[in-house]
Amino acid sequence: MATVRLAAACAVLVAAFWTAHADRSTRAVNGVETDISSAPWLVQIEYRMGLEGSWSDMMTCAGSILNANQILTAGHCFGKWWIENPQQMLRVRAGATNKQEGGQVVAAESVVIHPLYKDGDKRATHDVAIINLAEPLKLGDNAQAIGLVAEDEMPVDMETLHAGGWGVLAQGSDDFAPTLTTVKVSKVPDRLCRSVMSRIMNIDSYICLQPRTGLPCDGDSGSPAWLPAQYGDPAKLVGVLHGGTVCSMQGVAIYTSVNDPEVQSFLKQHVKA
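FYI, the numbering for the sequence shown is -22 to -1, 1 to 251, going by mature numbering (1 follows the signal peptide of the UniProt record, and there is no 0).
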(Lines of atoms letter the chains of each structure in order from A and count residues from 1; the text may use other names and numbers.)
(Lines give C-alpha, C1' and ligand atoms only; values in the text may rest on other atoms or scores of the structure.)
Protein backbone atom coordinates (compact mmCIF):
# COMPACT_ATOMS: atom_id res chain seq x y z
CA MET A 1 0.00 0.00 0.00
CA ALA A 2 2.83 2.41 0.82
CA THR A 3 4.38 1.79 -2.59
CA VAL A 4 1.09 2.44 -4.35
CA ARG A 5 0.63 5.72 -2.49
CA LEU A 6 4.17 6.76 -3.32
CA ALA A 7 3.69 6.02 -7.00
CA ALA A 8 0.52 8.12 -7.08
CA ALA A 9 2.21 10.98 -5.27
CA CYS A 10 5.23 10.87 -7.58
CA ALA A 11 3.04 10.90 -10.67
CA VAL A 12 1.53 14.19 -9.53
CA LEU A 13 4.79 15.69 -8.36
CA VAL A 14 7.04 15.12 -11.35
CA ALA A 15 5.77 18.35 -12.90
CA ALA A 16 7.12 20.25 -9.90
CA PHE A 17 10.62 18.74 -10.04
CA TRP A 18 13.26 21.04 -8.59
CA THR A 19 17.02 21.15 -8.76
CA ALA A 20 19.31 23.94 -7.74
CA HIS A 21 20.42 24.88 -11.26
CA ALA A 22 18.72 28.28 -11.11
CA ASP A 23 19.93 29.61 -7.77
CA ARG A 24 22.85 27.30 -6.97
CA SER A 25 21.13 26.20 -3.78
CA THR A 26 18.74 23.34 -3.07
CA ARG A 27 16.20 23.51 5.77
CA ALA A 28 15.26 20.12 5.61
CA VAL A 29 11.46 20.52 5.89
CA ASN A 30 9.98 19.06 9.12
CA GLY A 31 13.53 18.55 10.34
CA VAL A 32 15.02 18.43 13.82
CA GLU A 33 17.65 20.90 15.01
CA THR A 34 20.85 18.90 15.37
CA ASP A 35 24.25 19.60 16.92
CA ILE A 36 27.09 19.22 14.43
CA SER A 37 28.69 16.58 16.67
CA SER A 38 25.88 14.23 15.60
CA ALA A 39 26.82 14.64 11.92
CA PRO A 40 30.39 16.00 12.02
CA TRP A 41 31.05 15.24 8.34
CA LEU A 42 28.56 17.90 7.23
CA VAL A 43 30.00 21.22 6.05
CA GLN A 44 28.62 24.48 4.71
CA ILE A 45 29.84 25.78 1.35
CA GLU A 46 29.89 29.57 1.19
CA TYR A 47 30.06 31.82 -1.87
CA ARG A 48 31.49 35.26 -2.47
CA MET A 49 29.49 37.40 -4.88
CA GLY A 50 32.31 38.68 -7.07
CA LEU A 51 36.05 38.96 -6.45
CA GLU A 52 35.55 41.97 -4.19
CA GLY A 53 31.98 41.24 -3.13
CA SER A 54 30.50 40.11 0.16
CA TRP A 55 29.87 36.53 1.23
CA SER A 56 26.29 35.57 0.42
CA ASP A 57 23.87 34.45 3.13
CA MET A 58 21.29 33.38 0.53
CA MET A 59 23.37 31.18 -1.75
CA THR A 60 24.38 27.97 -0.06
CA CYS A 61 25.24 24.36 -0.63
CA ALA A 62 26.48 21.68 1.74
CA GLY A 63 28.95 18.85 1.50
CA SER A 64 30.65 15.96 3.26
CA ILE A 65 34.19 15.64 4.59
CA LEU A 66 36.03 12.88 2.70
CA ASN A 67 39.35 13.61 4.42
CA ALA A 68 41.08 16.64 5.94
CA ASN A 69 41.74 18.08 2.49
CA GLN A 70 38.66 17.23 0.42
CA ILE A 71 34.89 17.77 0.41
CA LEU A 72 32.29 15.87 -1.64
CA THR A 73 29.32 17.88 -2.90
CA ALA A 74 27.15 18.41 -5.99
CA GLY A 75 28.44 19.59 -9.36
CA HIS A 76 25.54 21.98 -9.85
CA CYS A 77 26.68 24.00 -6.84
CA PHE A 78 29.30 25.77 -8.95
CA GLY A 79 29.09 28.30 -11.74
CA LYS A 80 31.96 29.43 -13.93
CA TRP A 81 33.11 32.27 -11.66
CA TRP A 82 33.54 30.01 -8.65
CA ILE A 83 35.30 27.29 -10.60
CA GLU A 84 37.76 29.77 -12.11
CA ASN A 85 38.39 31.72 -8.88
CA PRO A 86 37.91 29.24 -6.04
CA GLN A 87 40.49 30.66 -3.65
CA GLN A 88 38.86 34.09 -3.68
CA MET A 89 35.22 33.08 -4.05
CA LEU A 90 34.64 29.76 -2.28
CA ARG A 91 35.11 28.62 1.28
CA VAL A 92 34.06 25.73 3.48
CA ARG A 93 32.81 25.99 7.07
CA ALA A 94 33.29 22.80 9.10
CA GLY A 95 32.44 21.94 12.69
CA ALA A 96 29.65 24.54 12.93
CA THR A 97 26.08 23.90 14.08
CA ASN A 98 24.88 27.41 13.22
CA LYS A 99 24.61 28.74 9.68
CA GLN A 100 27.65 30.86 8.74
CA GLU A 101 28.79 31.11 12.34
CA GLY A 102 31.57 29.39 14.28
CA GLY A 103 33.55 26.33 13.37
CA GLN A 104 36.61 26.50 11.14
CA VAL A 105 36.60 28.25 7.77
CA VAL A 106 38.97 27.17 5.00
CA ALA A 107 39.29 28.52 1.47
CA ALA A 108 38.92 26.27 -1.54
CA GLU A 109 41.99 25.51 -3.62
CA SER A 110 40.17 24.00 -6.59
CA VAL A 111 36.94 22.34 -7.66
CA VAL A 112 36.77 19.16 -9.73
CA ILE A 113 33.40 18.32 -11.28
CA HIS A 114 32.52 14.87 -12.61
CA PRO A 115 33.24 14.95 -16.36
CA LEU A 116 29.86 13.42 -17.23
CA TYR A 117 27.91 16.12 -15.41
CA LYS A 118 26.61 18.83 -17.75
CA ASP A 119 25.58 21.98 -15.90
CA GLY A 120 22.24 23.42 -16.92
CA ASP A 121 20.99 20.17 -18.44
CA LYS A 122 17.86 19.06 -16.59
CA ARG A 123 18.63 15.47 -17.59
CA ALA A 124 22.25 15.63 -16.43
CA THR A 125 23.68 12.67 -14.55
CA HIS A 126 26.62 12.14 -12.16
CA ASP A 127 26.03 15.37 -10.25
CA VAL A 128 29.05 15.27 -7.94
CA ALA A 129 32.13 17.41 -7.37
CA ILE A 130 35.16 17.47 -5.11
CA ILE A 131 36.45 20.61 -3.40
CA ASN A 132 40.18 20.51 -2.74
CA LEU A 133 40.93 22.73 0.25
CA ALA A 134 43.72 25.30 0.44
CA GLU A 135 44.71 23.97 3.85
CA PRO A 136 43.66 20.90 5.81
CA LEU A 137 40.80 20.87 8.25
CA LYS A 138 41.56 20.13 11.88
CA LEU A 139 39.60 16.94 12.39
CA GLY A 140 38.04 16.22 15.78
CA ASP A 141 34.71 15.69 17.53
CA ASN A 142 32.92 18.29 15.39
CA ALA A 143 34.70 17.72 12.08
CA GLN A 144 35.15 14.14 10.92
CA ALA A 145 35.43 12.32 7.64
CA ILE A 146 32.69 9.91 6.60
CA GLY A 147 33.35 6.70 4.71
CA LEU A 148 31.49 5.66 1.58
CA VAL A 149 28.97 2.86 1.71
CA ALA A 150 30.17 -0.38 0.13
CA GLU A 151 28.11 -2.06 -2.58
CA ASP A 152 26.97 -4.81 -0.22
CA GLU A 153 25.98 -2.17 2.38
CA MET A 154 23.67 -0.14 0.13
CA PRO A 155 20.28 0.45 1.76
CA VAL A 156 17.49 -1.93 0.86
CA ASP A 157 14.07 -0.70 -0.22
CA MET A 158 12.34 1.35 2.49
CA GLU A 159 15.41 1.29 4.76
CA THR A 160 15.84 4.44 6.86
CA LEU A 161 18.64 6.90 6.18
CA HIS A 162 19.42 10.34 7.58
CA ALA A 163 19.85 13.60 5.67
CA GLY A 164 20.33 17.23 6.60
CA GLY A 165 21.62 20.71 5.94
CA TRP A 166 21.03 24.43 6.49
CA GLY A 167 18.48 25.03 3.72
CA VAL A 168 15.17 26.89 3.72
CA LEU A 169 12.28 26.14 6.06
CA ALA A 170 9.76 25.65 3.24
CA GLN A 171 9.78 25.59 -0.53
CA GLY A 172 9.77 29.11 -1.96
CA SER A 173 10.82 30.62 1.37
CA ASP A 174 13.82 32.89 1.92
CA ASP A 175 14.06 31.83 5.57
CA PHE A 176 17.05 29.57 6.01
CA ALA A 177 17.43 27.28 9.00
CA PRO A 178 19.67 29.06 11.53
CA THR A 179 21.04 25.72 12.71
CA LEU A 180 21.79 22.34 11.20
CA THR A 181 18.57 20.44 10.61
CA THR A 182 18.27 16.70 9.95
CA VAL A 183 15.49 14.41 8.77
CA LYS A 184 14.87 10.71 8.32
CA VAL A 185 14.21 9.44 4.82
CA SER A 186 13.86 6.00 3.24
CA LYS A 187 14.91 4.47 -0.06
CA VAL A 188 12.34 4.23 -2.83
CA PRO A 189 12.56 0.98 -4.84
CA ASP A 190 14.80 1.59 -7.85
CA ARG A 191 12.21 0.26 -10.28
CA LEU A 192 9.59 2.71 -9.02
CA CYS A 193 12.06 5.58 -8.94
CA ARG A 194 13.03 4.92 -12.54
CA SER A 195 9.51 4.38 -13.88
CA VAL A 196 8.22 7.64 -12.43
CA MET A 197 11.14 10.05 -12.50
CA SER A 198 12.50 9.02 -15.92
CA ARG A 199 9.67 11.04 -17.44
CA ILE A 200 11.50 14.23 -16.58
CA MET A 201 15.14 13.26 -16.00
CA ASN A 202 17.76 10.66 -16.74
CA ILE A 203 17.70 8.64 -13.53
CA ASP A 204 20.99 6.86 -14.25
CA SER A 205 23.43 7.36 -11.35
CA TYR A 206 20.62 8.49 -9.00
CA ILE A 207 18.54 7.03 -6.18
CA CYS A 208 15.20 8.31 -4.88
CA LEU A 209 14.50 8.90 -1.20
CA GLN A 210 11.09 9.60 0.32
CA PRO A 211 10.33 11.32 3.64
CA ARG A 212 9.89 9.51 6.93
CA THR A 213 10.04 12.68 9.01
CA GLY A 214 10.80 15.24 6.29
CA LEU A 215 12.86 16.13 3.21
CA PRO A 216 15.75 18.42 2.33
CA CYS A 217 14.92 21.61 0.44
CA ASP A 218 16.46 24.65 -1.29
CA GLY A 219 19.89 25.37 0.15
CA ASP A 220 20.61 21.72 0.99
CA SER A 221 22.10 20.83 -2.41
CA GLY A 222 25.25 18.74 -2.21
CA SER A 223 24.37 17.56 1.29
CA PRO A 224 24.66 13.86 2.13
CA ALA A 225 22.23 11.08 2.82
CA TRP A 226 23.84 8.55 5.12
CA LEU A 227 23.24 5.29 6.89
CA PRO A 228 23.45 6.01 10.62
CA ALA A 229 26.00 4.29 12.82
CA GLN A 230 24.60 1.02 14.14
CA TYR A 231 25.69 -2.35 15.49
CA GLY A 232 29.21 -1.02 16.00
CA ASP A 233 29.55 0.14 12.39
CA PRO A 234 30.19 3.82 11.65
CA ALA A 235 27.88 6.02 9.59
CA LYS A 236 28.31 5.61 5.82
CA LEU A 237 27.69 8.08 3.02
CA VAL A 238 25.13 6.84 0.48
CA GLY A 239 24.28 9.79 -1.74
CA VAL A 240 24.75 13.47 -2.61
CA LEU A 241 21.66 15.65 -2.99
CA HIS A 242 20.87 16.57 -6.60
CA GLY A 243 17.29 17.84 -6.33
CA GLY A 244 13.76 16.57 -5.90
CA THR A 245 10.08 17.28 -6.21
CA VAL A 246 8.29 19.51 -3.69
CA CYS A 247 9.89 19.91 -0.25
CA SER A 248 7.07 18.31 1.72
CA MET A 249 5.87 14.99 3.08
CA GLN A 250 4.52 14.28 -0.43
CA GLY A 251 7.86 14.88 -2.12
CA VAL A 252 10.80 12.81 -3.30
CA ALA A 253 14.49 13.72 -3.08
CA ILE A 254 16.99 12.67 -5.75
CA TYR A 255 20.55 11.79 -4.74
CA THR A 256 23.59 10.84 -6.78
CA SER A 257 24.61 7.38 -5.61
CA VAL A 258 28.21 7.11 -4.46
CA ASN A 259 28.06 3.48 -5.60
CA ASP A 260 27.41 4.31 -9.24
CA PRO A 261 30.36 2.84 -11.22
CA GLU A 262 31.24 6.16 -12.90
CA VAL A 263 31.06 7.99 -9.58
CA GLN A 264 33.27 5.32 -8.02
CA SER A 265 35.80 5.74 -10.82
CA PHE A 266 35.79 9.52 -10.38
CA LEU A 267 36.35 9.23 -6.64
CA LYS A 268 39.16 6.70 -7.04
CA GLN A 269 40.88 9.03 -9.47
CA HIS A 270 40.59 12.23 -7.44
CA VAL A 271 40.29 11.37 -3.75
CA LYS A 272 43.64 11.45 -2.01
CA ALA A 273 44.61 8.71 0.39
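Every residue, glycine too, gets a C-beta built ideally from N, C-alpha and C.
In this text the structure is predicted, and so the values were computed from the model without any measurement.
**Study point:** Range of the contiguous beta strand (DSSP E) that encloses residue 26
**Key:** 20 to 26 is the span of the beta strand (DSSP E), which, as asked, contains residue 26.
Practice item. Return the chain-ordered list of same chain residues with a C-beta closer than 6 Å to the C-beta of residue 25, the five sequence neighbours on each side being excluded. Key: Within the same chain, residue 25 has close Cβ partners 34, 37.
**Study point:** Other residues of its chain near residue 80: CB distance less than 6 Å, five sequence neighbours each side excluded
**Key:** Leaving aside the five residues that flank residue 80 on each side, the residues in its chain whose CB is nearer than 6 Å to its CB run, in chain order, 74.
Review point. For the candidate residues 218, 144, 41, whose alpha-carbon lies nearest to that of residue 77?
Key: Closest in alpha carbon position to residue 77, among 218, 144, 41, is 144.
Review point. Taking residue 155 as the reference, which of 207, 98, 39 has the closest Cα?
Key: Of the candidates 207, 98, 39, the one whose C-alpha sits nearest the C-alpha of residue 155 is 39.
Check your understanding: Who are the near neighbours of residue 238 in its chain, counting only those whose CB is closer than 6 Å to its CB and skipping five residues on each side?
Key -> Only 183 meet the Cβ criterion.
Exercise for review: Quick one: which unbroken alpha helix (DSSP H) runs of 4-plus residues sit fully inside the region 168 to 206? Chain order, please.
Suggested key: Within the region 168 to 206, the complete alpha helix (DSSP H) runs of at least 4 residues are 168 to 175.
Check your understanding: In terms of alpha-carbon separation, which member of 115, 83, 99 lies closest to residue 179?
Key -> Comparing Cα-Cα distances from residue 179 to each of 115, 83, 99, the minimum goes to 99.
Practice item. Give a yes or no on contact between the region 206 to 216 and the region 110 to 128, applying the rule of three or more CB pairs nearer than 8 Å. Key: The region 206 to 216 is in contact with the region 110 to 128.
Review point. What are the boundary residues of the alpha helix (DSSP H) that residue 248 is part of?
Key: Element bounds for residue 248: 239 to 248.
Practice item. Counting only the same chain and skipping the five closest in sequence on each side, list residues whose C-beta sits under 8 Å from that of residue 89. Key: Contacts found: 56, 60, 61, 64, 68, 107, 108, 109, 110.
Exercise for review: Please classify residue 124: does DSSP put it in a helix, a strand, or coil?
Suggested key: In the displayed model, residue 124 falls within coil according to three-state DSSP, outside both helix and strand.
Review point. What number of angstroms, rounded off, separates the C-alpha of residue -2 from the C-alpha of residue 197?
Key: Because residue -2 carries a pLDDT of 36, less than 50, the predicted location of this residue cannot be relied on, and the following value inherits that uncertainty. Rounded to whole angstroms, the gap between the alpha carbons of residue -2 and residue 197 is 11 Å.
Check your understanding: The beta strand (DSSP E) spanning residue 165 covers which residue range?
Key -> Run containing residue 165: 159 to 165, per the beta strand (DSSP E) assignment.
Check your understanding: Below 7 Å between beta carbons: does that hold for residue 18 and residue 122?
Key -> Going by beta carbons, residue 18 and residue 122 fall inside the 7 Å limit.
Point to revise | Alpha carbon of residue 138 to alpha carbon of residue 163, nearest angstrom | key: Their Cα atoms are separated by approximately 6 Å.
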